[in-house]
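In what follows, a single structure is set out as structure tokens and then discussed.
2 protein chains.
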Amino acid sequence: MAKRPKYTMRDVARLAGVSISTVSAVVNNKGIVSAELTAKVEKAVKAMAFSPNEGARGLRSGRTHIIGLVVPDISNPFFVEILRGVEDEAIKNGYEVMVCNSNDQTALQTRHLNALHAQRVDGILLAPTDSYAAREVLTRDGAPIVFVDCVPMKANVNCVVTDNYQASYEAIRYLIGLGHRKIAVISGRPVHSTSIDRVEGCRKAMQETHLPFREESLHQGDSHIDSGYRLGLNLLQSPEPPTAIFTLNNRMALGILRALRELRIPCPEHVSLMSFDDSDWAEVFSPSLTAIQQPTYEIGKRAVGLLLQSIQPGEEECEAEPRQIVLKSSLLIRGSTANAIQA
Amino acid sequence: MAKRPKYTMRDVARLAGVSISTVSAVVNNKGIVSAELTAKVEKAVKAMAFSPNEGARGLRSGRTHIIGLVVPDISNPFFVEILRGVEDEAIKNGYEVMVCNSNDQTALQTRHLNALHAQRVDGILLAPTDSYAAREVLTRDGAPIVFVDCVPMKANVNCVVTDNYQASYEAIRYLIGLGHRKIAVISGRPVHSTSIDRVEGCRKAMQETHLPFREESLHQGDSHIDSGYRLGLNLLQSPEPPTAIFTLNNRMALGILRALRELRIPCPEHVSLMSFDDSDWAEVFSPSLTAIQQPTYEIGKRAVGLLLQSIQPGEEECEAEPRQIVLKSSLLIRGSTANAIQA
DNA sequence: GGCAAATATCGAAACGTTTTTATATGGAGC
DNA sequence: GCTCCATATAAAAACGTTTCGATATTTGCC
């Protein structure tokens, strides 16, 4: 297990009998080195198992070939799927990904962003947990940023999101079509653009059909399982329980399911349940879960694509206008939603 | 949105009216600078929002403060929980984490390991998808490695694992205690130490109770949902279906559940199901899922702890013997397992 | 055949730090 | 008052690359 010495370009150059700059040119495929010397260098590189020090390379060239990804909750498979898209697209383009979990804490998000800056990453993908702090980041010097999933309000930034408004609108229309009149919406924290847009979609659909979007319709959660559970218990035990529940993310849906199970309330017979975000278990559940499926993997891929455009501004478009990429989601109708019982 | 210039230590030194080395000493809390100059420097640092270039720092000092984590399947919440433990413990100690997903491909695992080496990470946590290729890594120059979850066979390496043998043993004993005699075991790929150990635990328990561990008892999956699904369909439609199924990971359990649902076979009335690895939905499922819960978060934390010991060999224990940390798991008995029907 | 231009290679500077070594300053000891 | 040592600061070297400019060699052209 004796560690071999760590070789540098100098060592390779010596072994190959050429200068350091020639080794560099070969390693970087500059295409300006004769076939003869190229062969020599490549042989030496292989013999020494040489791999260039990315830190030194980054220091000199100003490009680290690292991009940072900051997500609010890595426990949520939604963000994991985004991560998969990000990583696949990143390595395809020769980048490594530094993943950071804010754990829904502003302080941690800030700390991660600072750390990424200190590493001099080439770009940052940010699914913010706190848009205010995120805006702060925008005004700082540093790497280009692409917002993912959630956008700081009224900011003109590069971002990849889904059409939350439209998706919610269609979802509520679907529930209304089933005859539901008492629909409870369980939202995430209202600082998030995702929550706001989704709630607006609900409001529009209800108002269009002359259903009151009452105070009691909207219930404030925090996108985590527990909040769904607690709100679900309250809601289902209230004097006038809803006939349908729409949770604005997948984690809270799981909380609702727990509440339903605990209270032994049959779904969809007594109450329908619909969720933003699909899950890999949603189809297998009893009942299978009606859900809005976002193109998560695609979001990740597109975000990297957009980021790389900012990093490598080809074609003189150095100060291009920020782009908003809006993707469509689809409603997967399954077993947890049914016609409302006529009261 | 005008980008500020990027400041270096030289700029800070100029503004504070001191030398670069003084700035460095202050930034690194060397404690050898007078109170007066320290104040000046700190003021300048704040004014310029200076943060040291970690790349340059790493180049000179040989410490990058990055650790790499390579997992075989980031879609599996099991590894995500480990990741959470790793990241929390890492930032607590001032490290950043570079996460890589091998996607169960040897080539990708190798590529990631090479990339991490090129970044000159201070250490690597590896949950291998391929132990053979992993062994290769061991013999290379480079950063210290801690194996996680799965260990190359017969290798004396630093690792953090669970007692797979014992957990499986107890699980099968439990099923036998319920009266099950035809128990099917669905394992992962047999190259994994986890699979091997778990299968051995099963074998031991069965042999002890004079149950034949027949050819037909063991079914080869690949730890992914689909393999569980396909094996489940085969198994449940066979002329002599088992009365209990034990899947050796959580993803395959989900596949079995899909098969059960599709074939409308009631669980646990007709067949009991037990799974290695818990899931956040397991308790809410109908039926709730009996599962072996591994201390995933703890595994991540301990792995980082062990790695940092190798990185910072305090107390002259530079060439310490590799340590194996073996953690216990617990059997969560829930609704998917019941007494066997007497044939 | 001689000169300009193109080409292949090399040497050295630069990137932003840490670290080692040198220099200046002050106080203690006699 | 002088030396000696400790201390605070500064200067310079080093880390391993990329890149710029210089040099040597070949090629093209008249």
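Quick note, the sequences are listed as chains A and B, same order.
According to this note's numbering, the first sequence holds residues 1 to 343 in order.
According to this note's numbering, the second sequence holds residues 1001 to 1343 in order.
The C-beta atom is built at its ideal place from N, Cα and C for all residues, glycine as well.
Where does residue i land, buried or exposed, given buried means 16+ other C-beta within 10 angstroms?
{"i": "Gly228/A", "result": "buried"}
{"i": "Ala1303/B", "result": "buried"}
{"i": "Glu136/A", "result": "exposed"}
{"i": "Glu315/A", "result": "Because Glu315/A carries a pLDDT of 48, less than 50, the predicted location of this residue cannot be relied on, and the following value inherits that uncertainty. Exposed, by the Cβ-count rule."}
{"i": "Thr209/A", "result": "exposed"}
{"i": "Arg1214/B", "result": "exposed"}
{"i": "Lys1154/B", "result": "exposed"}
{"i": "Ser1034/B", "result": "exposed"}
{"i": "Gln1207/B", "result": "exposed"}
{"i": "Asn1164/B", "result": "buried"}
{"i": "Asn1156/B", "result": "exposed"}
{"i": "Pro268/A", "result": "buried"}
{"i": "Asp122/A", "result": "buried"}
{"i": "Ile1082/B", "result": "buried"}
Using a C-beta cutoff of 7 angstroms, does residue i count as contacting chain B?
{"i": "Gln293/A", "result": "no"}
{"i": "Met98/A", "result": "yes"}
{"i": "Ile265/A", "result": "no"}
{"i": "Ser330/A", "result": "no"}
{"i": "Ile74/A", "result": "yes"}
{"i": "Ala105/A", "result": "The sequence given here has Gln at residue 105/A, not Ala. No, Gln105/A lies away from the interface with chain B (no Cβ there is under 7 angstroms from its Cβ)."}
{"i": "Arg261/A", "result": "yes"}
{"i": "Glu317/A", "result": "Any answer about Glu317/A is weak, because its pLDDT of 49 lies below 50 and its placement is not dependable; what the coordinates show is given next. No, because no Cβ of chain B sits closer than 7 angstroms to the Cβ of Glu317/A."}
{"i": "Gly55/A", "result": "yes"}
{"i": "Val27/A", "result": "no"}
{"i": "Val284/A", "result": "yes"}
{"i": "Ala143/A", "result": "no"}
{"i": "Ser24/A", "result": "no"}
{"i": "Leu131/A", "result": "Just to set this straight, residue 131/A is Ser in the shown sequence, not Leu. Output row for Ser131/A: interface = no."}
Using three-state DSSP, classify residue i as helix, strand or coil.
{"i": "Leu231/A", "result": "helix"}
{"i": "Ile1341/B", "result": "coil"}
{"i": "Leu306/A", "result": "helix"}
{"i": "Phe1078/B", "result": "helix"}
{"i": "Leu289/A", "result": "coil"}
{"i": "Thr1194/B", "result": "helix"}
{"i": "Gln1324/B", "result": "strand"}
{"i": "Gln1166/B", "result": "helix"}
{"i": "Glu1200/B", "result": "helix"}
{"i": "His219/A", "result": "strand"}
{"i": "Leu348/A", "result": "Nothing in the structure corresponds to residue 348/A, since chain A is present only between 1 and 343."}
{"i": "Ala184/A", "result": "strand"}
{"i": "Glu298/A", "result": "helix"}
{"i": "Gly1062/B", "result": "coil"}
{"i": "Met1009/B", "result": "helix"}
{"i": "Ala143/A", "result": "coil"}
{"i": "Thr1247/B", "result": "strand"}
Could you tell me whether the Cβ atoms of residue i and residue j are closer together than 7 angstroms?
{"i": "Leu235/A", "j": "Gly221/A", "result": "no"}
{"i": "Tyr95/A", "j": "His117/A", "result": "no"}
{"i": "Thr1106/B", "j": "Ala1143/B", "result": "no"}
{"i": "Ile1292/B", "j": "Ala1127/B", "result": "no"}
{"i": "Ser223/A", "j": "Arg258/A", "result": "no"}
{"i": "Gly335/A", "j": "Ser288/A", "result": "yes"}
{"i": "Leu59/A", "j": "Gly1017/B", "result": "no"}
{"i": "Met9/A", "j": "Val23/A", "result": "yes"}
{"i": "Gly1188/B", "j": "Leu1248/B", "result": "yes"}
{"i": "Phe1078/B", "j": "Asp1226/B", "result": "no"}
{"i": "Tyr297/A", "j": "Arg84/A", "result": "yes"}
{"i": "Val1160/B", "j": "Ile1299/B", "result": "yes"}
7 angstroms is my cut-off, CB to CB: does residue i come that close to chain A?
{"i": "Leu1059/B", "result": "yes"}
{"i": "Val1080/B", "result": "yes"}
{"i": "Glu1200/B", "result": "no"}
{"i": "Ile1032/B", "result": "no"}
{"i": "Leu1257/B", "result": "yes"}
{"i": "Gln1119/B", "result": "yes"}
{"i": "Glu1087/B", "result": "yes"}
{"i": "Ser1193/B", "result": "no"}
Rounded to the nearest angstrom, how far is the Cβ of residue i from that of residue j, given a contact under 8 angstroms?
{"i": "Leu1125/B", "j": "Leu1069/B", "result": "5 angstroms"}
{"i": "Ser272/A", "j": "Ala253/A", "result": "Actually they do not touch by this definition, with Cβ atoms about 12 angstroms apart."}
{"i": "Leu327/A", "j": "Pro295/A", "result": "5 angstroms"}
{"i": "Val80/A", "j": "Val1080/B", "result": "6 angstroms"}
{"i": "Ile1183/B", "j": "Ser1217/B", "result": "7 angstroms"}
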